[in-house]
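**Student:** Take a look at the following structure, please.
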Amino acid sequence: MTRVALYARYSSDNQRDASIEDQLRQCRERAAREGWTVVETYSDRAISGASLIRSGIQSLLADAQAGRFEMVLSEALDRLSRDQEDVAGVFKRLSFAGVRIFTLSEGEINELHVGLKGTMNALFLKDLALKTHRGIRGRVEAGRIGGGNAYGYRVVHRLDARGEPIRGEREIIEEQADIVRRIFRDYAAGKGPRRIAAELNRENIPSPTGKRWNDATIRGNRAISSGILNCELYIGVIRWNRQKKLKNPDTGRFTYRLNPESEWIRAEAPELRIVPQDLWDAAKAQQDKLTGLYRKQIDGARDAMHTARQKNGGLNATHRPRTLLSGLVFCGCCGGSYARRGQDRFTCTNHMLGNGCDNARTVPGKLLETRVLAGLRERLMTPEMVTEAMSAYTQETNRLNRERRSAAETTRRDLAETSKAIAEIVRVIEQGGWHRALSDRLTELEARQDSLAARLSDIPEDVPDLHPGIAETYRRRIERLTETLSHPDHALEAAEAIREVIDRIVVTPGKKRGSYSITLQGELGTILDWIDRTGKPGYKPKPDTAQSRLSVSVDTRACPEHLLRIDWTMRWQILGTRPRMTSSLERGLLLLSDGLVAASRLFDSAPLQQLNKTLR
1 MTRVALYARY
11 SSDNQRDASI
21 EDQLRQCRER
31 AAREGWTVVE
41 TYSDRAISGA
51 SLIRSGIQSL
61 LADAQAGRFE
71 MVLSEALDRL
81 SRDQEDVAGV
91 FKRLSFAGVR
101 IFTLSEGEIN
111 ELHVGLKGTM
121 NALFLKDLAL
131 KTHRGIRGRV
141 EAGRIGGGNA
151 YGYRVVHRLD
161 ARGEPIRGER
171 EIIEEQADIV
181 RRIFRDYAAG
191 KGPRRIAAEL
201 NRENIPSPTG
211 KRWNDATIRG
221 NRAISSGILN
231 CELYIGVIRW
241 NRQKKLKNPD
251 TGRFTYRLNP
261 ESEWIRAEAP
271 ELRIVPQDLW
281 DAAKAQQDKL
291 TGLYRKQIDG
301 ARDAMHTARQ
311 KNGGLNATHR
321 PRTLLSGLVF
331 CGCCGGSYAR
341 RGQDRFTCTN
351 HMLGNGCDNA
361 RTVPGKLLET
371 RVLAGLRERL
381 MTPEMVTEAM
391 SAYTQETNRL
401 NRERRSAAET
411 TRRDLAETSK
421 AIAEIVRVIE
431 QGGWHRALSD
441 RLTELEARQD
451 SLAARLSDIP
461 EDVPDLHPGI
471 AETYRRRIER
481 LTETLSHPDH
491 ALEAAEAIRE
501 VIDRIVVTPG
511 KKRGSYSITL
521 QGELGTILDW
531 IDRTGKPGYK
541 PKPDTAQSRL
551 SVSVDTRACP
561 EHLLRIDWTM
571 RWQILGTRPR
581 MTSSLERGLL
591 LLSDGLVAAS
601 RLFDSAPLQQ
611 LNKTLR
């Protein structure tokens with residue numbers, strides 16, 4: 001009996017959710033008449049057929065490769081895809097899997113259907129796009145809106161004489177229009193978009209999205225007429241077709257590109273004017289003024305960089321960070337970045353820009369550098385603190401490896417015995433000894449064979465045991481690094497290397513004034529690799545390409561004695577199994593308690609792999 005999978009889809013433009021059930025019901029009725037067994041159903045709701053970035057069709061293709069059915073039944077070929085390339089790809093993949101396509105409209109699908117229907121569907125999509133574009137253009141030329149809704153307006157819902165909705169009509173919302181005029185007045189008077197946004201947020205005035213204002217919402221992009229200050233609808237002018245939307249064939253995502261200005265459509269809508277012409281002109285004059293100043297600054301910076309490159313003999317000097325921590329510091333309250341403010345302080349940029357963060361605390365740059373370097377030197381890199389934990393980790397990893405190998409061997413043995421039994425039954429049937437009991441037993445054995453094969457495929461590939469001496473070798477290497485970090489002559493070299501291993505520095509203000517929680521997050525495996533590459537005075541570290549999966553965080557907190565307190569934890573994700581607690585492992589975990597170290601598949605760390613190989 002033929003095993004069939006049903007597929008249904010409807011797009012969001014002119015169908016409804018019940019369309020899925022209608023399609024599936026018709027397919028089930030056809031399957032019942034043909035005597036086919038429906039084993040799976042797949043659907044994509046409110047998704048265009050012009051792309052294969054759909055969960056339903058992707059699941060169908062994956063299950064087809066797994067052999068879960070022998071035929072796909074759908075209402076029509078364009079339900080699977082309307083894209084020429086995609087429908088051919090679906091046909092090719094299903095054919096490779098030995099799966100046929102049957103539709104209610106076309107019958108069984110072959111290469112001729114794919115070629116002709118694919119071309120017809122592509123032409124349909126192109127014709128539909130042209131008709132839609134033509135209809136919107138006519139709407140714009142009649143003085144109605146052709147796109148989305150702008151801040152300060154509401155959509156007017158009205159029907160024509162035939163009962164059809166009249167699209168594109170807008171009316172002014174006076175409360176929001178007052179805000180628009182206020183923004184233009186403030187900007188023309190010299191206030192910047194950041195300050196304007198901050199003042200609106202302080203007064204709890206909702207933004208166009210209903211959330212908080214930010215400077216980008218006000219400033220926008222003058223080139224594409226986005227943002228409050230560039231919306232020409234506020235002076236009663238409708239502009240349409242400034243840009244076109246294109247779909248990336250690889251990702252299915254849309255991107256926008258500007259059309260030539262000659263293709264832009266302009267229409268007058270004086271009843272929608274909000275901003276007086278003199279106020280609009282004043283705001284544009286302020287934009288021109290600031291644009292000129294910005295260009296002068298850019299030109300000056302470009303000249304300064306050119307001079308610096310010539311003076312320092314190359315480009316590298318101009319690309320070095322201004323400080324050790326540049327680009328690494330983030331706010332623990334909102335997740336935004338920290339930036340330098342003044343000579344030597346860091347502050348949250350979201351708070352500075354009025355984007356909703358209440359963290360007004362600034363942090364001295366020297367304090368941050370001191371805490372970061374001390375945290376690495378005195379806590380993260382303390383050899384004694386991690387030696388026993390790494391020893392316990394090695395023992396537990398090797399124990400899990402042994403258990404996994406034993407389980408895999410047992411599964412392979414059972415699979416071989418099951419396959420042998422299946423072959424014996426098949427041989428008996430081929431020799432004419434068929435019996436119903438044999439058929440039932442064969443079905444049971446085949447199900448067991450599939451289960452054992454799936455279980456075997458889920459077992460991770462073999463990995464080498466960790467050498468017992470890896471913890472002691474790690475301890476010696478950490479001692480070498482801490483000596484280098486402590487030596488004043490090598491401080492700059494060590495600091496540059498440390499920048500390679502720190503991903504983020506998260507600063508959270510404490511309850512008391514002047515207290516902070518400073519968390520370091522980075523890759524410990526890169527430290528091991530750095531130790532391997534350095535050790536000689538004058539060594540210049542280079543960017544490392546080795547990837548490590550051992551993630552580290554260190555939490556340094558202020559306390560009255562101005563000492564650093566570090567809390568540690570370890571999160572085990574070895575072979576997807578929680579480790580059995582042993583006395584040695586418990587001792588190791590006691591050293592890694594209540595804090596911020598995460599270890600995931602330590603043996604995947606490239607430096608540790610190399611170290612393990614060397615020790616063996």
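In this text, residue positions in the sequence shown follow my numbering: the first is 1, and each later residue adds one.
Beta carbons are placed, not taken as given, at the ideal position from N, Cα and C, and that holds for glycine.
None of these values were measured; they are calculated from a predicted model.
1) Here's the rule: buried if 16 or more other CB atoms are within 10 angstroms of the residue's CB, otherwise exposed. What is residue 577?
2) Between the segment 95–114 and the segment 229–238, can you find at least three pairs of beta-carbon atoms closer than 8 Å?
3) Residue 189 to residue 179, Cα distance in whole Å?
4) Work out the CA separation of residue 221 and residue 261 for me, nearest whole Å.
5) Would you list the one or two residues that DSSP bridges to residue 364?
6) For the beta strand (DSSP E) containing residue 102, name the first residue and the last one.
7) Roughly how many whole angstroms lie between the Cα atoms of residue 31 and residue 22?
8) Excluding the five sequence neighbours on either side, which residues of its own chain have a C-beta within less than 6 Å of the C-beta of residue 448, listed in chain order?
9) Could you tell me the distance, in whole angstroms, from the CA atom of residue 370 to the CA atom of residue 325?
10) When you compare each of 111, 76, 415 to residue 446 by their alpha carbons, which one comes out closest?
11) Compare the beta carbon distance of residue 208 and residue 151 with 7 Å and say whether it is the shorter of the two.
12) Does the contact criterion of 3 or more C-beta pairs under 8 Å hold for the segment 37–44 versus the segment 54–66?
13) Just to confirm, are residue 283 and residue 229 a CB contact at a threshold of 7 Å?
14) How big is the Cα-Cα spacing for residue 98 and residue 111?
15) Based on DSSP bridge pairs, tell me the residues matched to residue 107.
16) Just to confirm the assignment, what range does the beta strand (DSSP E) spanning residue 169 have?
17) Taking only three categories from DSSP, how would you classify residue 96?
18) Take the Cβ of residue 1 as the centre, count every other Cβ of all protein chains shown within 10 Å, and call the residue buried at 16 or more, exposed below.
19) Please say whether residue 227 and residue 239 have beta carbons closer to each other than 7 Å?
20) Near residue 19, what residues of its chain come up, given a Cβ to Cβ distance below 6 Å and the 5 sequence neighbours on each side ignored?
21) Can you tell me which of 344, 361, 341 puts its alpha carbon nearest to the alpha carbon of residue 334?
22) Rounded to whole angstroms, what is the Cα-Cα separation between residue 291 and residue 77?
23) Do you know how far the Cα of residue 84 is from the Cα of residue 123?
24) Under the rule that 16 or more other beta-carbon atoms within 10 Å means buried, what is residue 521, buried or exposed?
25) Measuring only the C-alpha atoms, how far is residue 424 from residue 4?
26) Can you give me the Cβ contacts of residue 93 inside the same chain, cut-off strictly under 8 Å, excluding the 5 residues immediately before and after it?
27) Please report the straight-line C-alpha distance between residue 276 and residue 210, rounded to a whole angstrom.
28) Is residue 243 helix, strand or coil when you go by DSSP?
29) Is it buried or exposed, residue 75, if we count other Cβ atoms within 10 angstroms and call 16 or more buried?
30) Please report the straight-line C-alpha distance between residue 429 and residue 54, rounded to a whole angstrom.
31) As an exercise, report each continuous alpha helix (DSSP H) stretch of at least 4 residues that is fully enclosed by the segment 252–289, in chain order.
32) Between residue 455 and residue 127, what straight-line distance do the alpha-carbon atoms span, to the nearest angstrom?
33) In whole angstroms, what separates the C-alpha of residue 165 from that of residue 266?
34) Pull up the distance between the alpha-carbon of residue 71 and that of residue 120, whole angstroms please.
35) Report the three-state DSSP secondary structure of residue 87 (helix, strand or coil).
36) What is the C-beta distance between residue 145 and residue 185, in whole angstroms, given that I count them as a contact (C-beta under 8 Å)?
**Tutor:** Based on what the coordinates show:
1) Summary for residue 577: the model assigns pLDDT 36, below 50, so the residue's position carries little reliability; its value from the coordinates is reported in the next sentence. Residue 577 should be labelled exposed.
2) no
3) 15 Å
4) If you draw a straight line from the Cα of residue 261 to the Cα of residue 221, it comes to about 16 Å.
5) Residue 364 pairs with 345.
6) 100–103
7) Going from the Cα of residue 31 to the Cα of residue 22 covers about 14 Å.
8) Excluding positions up to five away in sequence, the list reads 418.
9) Each residue's CA atom was taken as its position, placing residue 370 and residue 325 some 11 Å apart.
10) 415
11) yes
12) Output reads yes: the segment 54–66 touches the segment 37–44.
13) Yes.
14) 15 Å
15) 103
16) Taken as a continuous stretch (DSSP letters only), residue 169 belongs to no beta strand (DSSP E), as it is neither H nor E.
17) helix
18) By the neighbour-count definition (other C-beta atoms within 10 Å, threshold 16), residue 1 is an exposed residue.
19) no
20) 10
21) 361
22) In a straight line, the C-alpha of residue 291 is about 54 Å away from that of residue 77.
23) 9 Å
24) buried
25) 30 Å
26) Here the set comprises 61, 64, 65.
27) 26 Å
28) strand
29) buried
30) 44 Å
31) none
32) 51 Å
33) For residue 165 and residue 266, the distance between alpha carbons rounds to 24 Å.
34) 24 Å
35) helix
36) In fact, because the Cβ distance is near 25 Å, the residues do not count as touching under 8 Å.
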